[in-house]
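Mapped onto my numbering, the consecutive letters of the sequence shown carry residue numbers 1099 to 1209. Below is one structure, written out as structure tokens, with a few remarks after it.
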Amino acid sequence: MPFTQRVPPQMHYRLWDGSAPTQKDECGIPVANGAAVVPDVVLVPCVGFTGSGWRLGYGGGFFDRWLALHPHVTAVGVAWEVGRLSEAELAPQPHDLPLALIVTENGVARD
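Laid out in structure tokens, this is it:
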């Protein structure tokens, strides 16, 4: 499970045993108590996305920074189909990295 800290703004992952989290991180998100890990695959929330794998996140940059430090990790976006944007509507920033694929309620959403 991801856990975040505000200062400096960064995100890490902790091993999760499947039980209900009993703690919250500095951003108020429930977190696991396990050891720090680097997963092989991560699920990335998307507010918006394009068919070529670009995502619009929640604005904190936590996933962007973490993914830049772990380029070997497969990043799978999770989004609602209503969040699909055209390439003209979502221009990637220099720090953005495309996701391996994005999954919506309609299936895999790659062009």
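Just so it is clear, CB atoms sit at the ideal spot from N, CA and C, and this is done for glycine as well. Given the structure is predicted, the values throughout are model-derived calculations rather than measurements.
Where the alpha helix (DSSP H) through residue i begins and ends
i: Ala1166; result: Phe1160 to Leu1167
Limits of the unbroken beta strand (DSSP E) element including residue i
i: Ala1173; result: Thr1172 to Val1176
i: Ile1200; result: Leu1199 to Thr1202
i: His1110; result: Gln1108 to Arg1112
i: Thr1102; result: Pro1100 to Gln1103
Same chain, Cβ closer than 6 angstroms to residue i, five either side skipped, listed in chain order
i: Pro1190; result: Trp1152
i: Thr1102; result: Met1109, Asp1123, Cys1125 and Phe1160
i: Gln1121; result: Val1129
Beta-carbon contacts of residue i that lie in its chain and below 8 angstroms, excluding the five residues immediately before and after
i: Arg1104; result: Glu1124 and Cys1125
Short Cβ contact (8 angstroms threshold) for residue i with residue j
i: Met1109; j: Val1129; result: no
i: Ala1166; j: Leu1197; result: no
i: Ala1177; j: Ile1200; result: yes
i: Arg1208; j: Gly1155; result: no
Classification of residue i by the beta-carbon crowding that lies within 10 angstroms, buried from 16 upward
i: Gly1157; result: exposed
i: Val1140; result: buried
i: Gly1116; result: exposed
Cutoff 7 angstroms; reference residue i; Cβ partners in own chain excluding five residues on either side
i: Asp1194; result: Trp1152 and Asp1162
i: Ala1114; result: Looking at the sequence itself, residue 1114 is Trp, so the reference to Ala does not match. Result list for Trp1114: Met1099, Ala1130 and Gly1132, in chain order.
For the 8 angstroms Cβ check, are there 3 or more pairs between the stretch 1172–1189 and the stretch 1119–1136? no
Touch test, the stretch 1145–1157 against the stretch 1116–1127, Cβ-Cβ under 8 angstroms, three pairs minimum: no
Counting pairs of beta carbons, one from the stretch 1200–1209 and one from the stretch 1155–1162, are three or more of them closer than 8 angstroms? no
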